[in-house]
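According to the working numbering, the sequence shown is numbered sequentially starting from 883. Glycine included, every Cβ here is placed at the ideal spot set by N, Cα and C. Predicted model only: the values in this text are computed from it and were never measured. In what follows, a structure is listed as structure tokens, so that the remarks can point back to it.
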Amino acid sequence: FLMERKTHVKINRKEVMLANLRKSCSCTPKKLKNFVMDFLPVLRWLPKYQCKDYIWGDVMSGLVIGIILVPQAIAYSLLAGLKPIYSLYTSFFANIIYFLMGTSRHVSVGIFSLISLMVGQVVDRELLLAGFDLNDDAPPALSGGSVQNDTQSSTTAFNLTIAGMNAECGKECYAIGIATALTFVAGVYQVLMGIFRLGFVSMYLSESVLDGFATGASLTILTAQVKYLIGIKIPRSQGHGMLVITWINIFRNISQANLCDVITSAICIMVLVTAKELGDRYKHKLKFPLPTELVVIVVATLVSHYGKLNEVYASSVSGAIPTGFIPPKVPHFNLMLRVAVDALPLAIVSFVFTVSLSEMCAKKYAYTIRANQEMFAVGFCNIIPSFFHCFATSAALAKTLVKTSTGCQTQVSGVISATVVLLVLLFLAPLFYSLQKCVLACIIIVSLRGALRKFRDVPARYHVNKVDTLVWVVTMSASALISTEIGLLVGIVFSMLCIIVRTQRPRTALLGQIQDTGFYEDDLEYENLSSVPKVKIFRFEAPLYYANRNYFLKSLYRLTNLDPNLEAARRKKYEKKEKQHLKKGDHTTANGLGIRETTLQLIPKQIDFQALVLDCSSISFLDTTGVNTLKEILKDYKNLNISVLLACCNPSVIDSLKRGGYFGKDFGSMQEMLFYSIHNAVQFAKDQK
């Protein structure tokens, strides 16, 4: 039987687009209000804020995150190649802006190790091109006054006429100029992606690619911090192969290790790891995480200050961290042009991590987010702070998990965290002058535990899916051994190639009948299947398109043990010889057979079927090449008196076949060529003479 298709009303896309455009361009008070409320979601949920139920959890989580943010902000400044004050600015502004624009109640937006690393690599490259020395172990300025004084106390001043900055600018000034320009462009990309609804780009970053990228970048971060752990002074490596070059330099200069830094690092790592392990073991009993990083920083700063570790043992310290805010400044346009390409992967990674964490929290706590608004939120978390000397931000997994575990209910907790950072910015920052850089490196390295533990998951990942494991290994290796940006690109391209290869060489099978049923399965995978006499049932588990056409034909010919083209050519050749013998008056054939026996010889023994059923249940679509391939099969097998029947085609495949003329002009033979189940096709083939 042939099911009757519904008739769909044709939609005039032009009229629909014009109607949507008119609706979008119209401006009414109600629409303007909704636009503002959608752009600033805080206006919707803050008036409904349940103070008695939410305030305690928000205050507690905000204080805990603020306490964690301060040491992490100071530590991650090493990754970004910037002064600690800029990390504190970034943490402050990101929390405030996401409070106003974000749709997730639990995500913690701020500095993130991977984003800081990507910013730092661009900053280091541009500093080298501008002629600056990347050695950041120069003695810090002794003046602890204003930000302006600290900025001017950098190394050699440099006339930046090449970059469009005509005034003289020191190393620190140029570094933050590059970082803010990069951040501004990344934010613009994210806003444009939101306007044009390009959030689908994140779909090409699979879980394997993201995990591999994070692990590879973590190895790069770990490598970059080793010199601070042992107190050696080596140049900051740049370009491809940074990880290998850095380790070579480390081993070459290992004899210059500072014993004071080595001992301090060993103690700090032992304390931090022990505290983290205990926290993980007893997290159900603890109401909030232990502020281990803050305790370590306070104790280490006191020991360094009163023990005079910088003066006596030449231990590298953070230096003066000024208080207050720098006057806002527009990022330089010429610098934006220099970093426009670098900003694209930064924008994509920042957005993907933010949206994925937002969706994870929304699913866990049963509410919804708007991915497009998240794109705007993280975009403006980059654009606006770039005027206030901040660098790129993103949602951070570790802080988000801490936030949810400490009772966070809304983004009011972000305002509390920003207040804690503000207190440090205004009053407490100079107290961290004597903090050793090796302590900051320890905090960074211990924070990488989660990403580095992914190596333990490789056997389980391999057991689940070998291809995904290969994608993870390739992405991780490229991110670590080449560079993070190229590693991300390699991961995306390689994962897409894996999908293409999977569709190019999919599983194919001949099906047998499950006894006493109307169901059919792979004859090589299941026992006790019976073959159907005079019928071959072929399954192709992929779309049929130009890239796998040849594989489809080869598999079909191999499994059915018949190539219709070769068989037709062999028959023509045989018939030609027979005609030549008959013209000569010889009543025997070329094989010595009589004329009556010739007919039997024309039907080869290897053709043991008279109908071929194609199981199309796994063919999701056909392109022009796919339709033509099926038409060729139909014609070739018809020449051998073998009928080709299609079973289980979806509506899009049927439409493609109709448009391609597979069923003829009037579709009259469609009922004899198309069936809605394999069993119907087999029964039809059996009934044929």
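The residue from Thr1292, Ala1259, Phe1269 and Lys1285 with its alpha-carbon nearest to that of Ser1276 is Ala1259. Counting C-beta pairs closer than 8 angstroms gives fewer than three between the segment 1164-1178 and the segment 1347-1355, which falls short of the contact rule. DSSP places Glu1403 in the strand class (E or B) of the three-state scheme. Contact annotation: Leu951 and Val1321 have beta-carbon atoms that are not nearer than 8 angstroms.
Between Leu928 and Thr985, the alpha-carbon positions lie close to 12 angstroms from each other. Along the length of the segment 1494-1562, whole alpha helix (DSSP H) runs at least 4 residues long occupy 1506-1520 and 1533-1541, reported in chain order. Judged by pairs of C-beta atoms under 8 angstroms, the segment 1488-1497 touches the segment 1414-1430, as three or more such pairs exist.
Residue pairing for Gly1394: DSSP places it in a beta bridge opposite Glu1403.
Look at Phe1078 here: in three-state DSSP terms it is coil, with no helix or strand label. The segment 1075-1124 contains no complete beta strand (DSSP E) run of 3 or more residues.
In this structure the segment 912-919 does not lie against the segment 1260-1269, because fewer than three pairs of beta carbons, one per stretch, are closer than 8 angstroms. Phe1376: member of the alpha helix (DSSP H) spanning Thr1366 to Gln1386, first to last residue. DSSP places Val1417 inside the beta strand (DSSP E), whose first and last residues are Lys1416 to Phe1422. Counting C-beta pairs with one atom in each stretch, the segment 1072-1092 and the segment 1214-1233 have three or more that are closer than 8 angstroms, which means they touch. Residue pairing for Phe1491: DSSP places it in a beta bridge opposite Lys1416. Under the criterion of beta carbons closer than 8 angstroms, Leu1512 and Phe1566 do not qualify as touching, at roughly 18 angstroms. A straight line joining the alpha-carbon of Arg1252 with that of Ile993 spans about 22 angstroms. For Ser1200, the three-state secondary structure derived from DSSP is coil.
Setting aside the 5 residues that flank it on each side, Asn1562 is surrounded in the same chain by Ala1529, each with a C-beta closer than 8 angstroms to its C-beta; the list follows chain order. Distance from the Cα of Phe1095 is smallest, within the candidate group Ala1451, Thr1385 and Ser1359, for Ser1359. For Ile1396, the closest alpha carbon among the candidates Pro911, Thr1390 and Asp1404 is that of Asp1404. In chain order, Leu1064, Val1067, Ala1068 and Tyr1071 place their CB closer than 7 angstroms to the CB of Ala1225, counting only its own chain and leaving out the 5 sequence neighbours on each side.
Cβ atoms of Asp940 and Thr1282 stay farther apart than 8 angstroms, at about 15 angstroms. Beta-bridge partners of Gln1318 (DSSP): Val1199. Of the residues assessed, Pro1204 falls on the buried side of the cut-off, its CB having 16 or more other CB atoms within 10 angstroms.
The segment 1297-1315 and the segment 1092-1106 do not touch, with fewer than three beta-carbon pairs separated by less than 8 angstroms. Just so you know, the alpha carbons of Ile956 and Pro966 end up roughly 5 angstroms apart. The DSSP-derived three-state label of Ala1450 is helix. Shown here, Gly939 sits in a helix according to DSSP, grouped into three states. Excluding residues up to 5 positions away in sequence, Pro1227 lie with their Cβ nearer than 6 angstroms to the Cβ of Glu1367 in the same chain. According to DSSP, Leu1426 shares a beta bridge with Leu1504.
The Cβ atoms of Phe1422 and Pro1446 do not sit closer than 8 angstroms to each other. In chain order, Phe1269 place their CB closer than 8 angstroms to the CB of Val1212, counting only its own chain and leaving out the 5 sequence neighbours on each side. Non-local C-beta neighbours of Asp935 in its own chain, meaning closer than 8 angstroms and more than five positions away in sequence, comprise Gln1291, ordered along the chain. Within its own chain, the residues whose Cβ lies closer than 7 angstroms to the Cβ of Thr1507, once the five positions on either side in sequence are excluded, are Tyr1427, Tyr1428 and Arg1431, listed in chain order.
For Ala1360, the uninterrupted alpha helix (DSSP H) segment begins and ends at Lys1348 to Leu1363.
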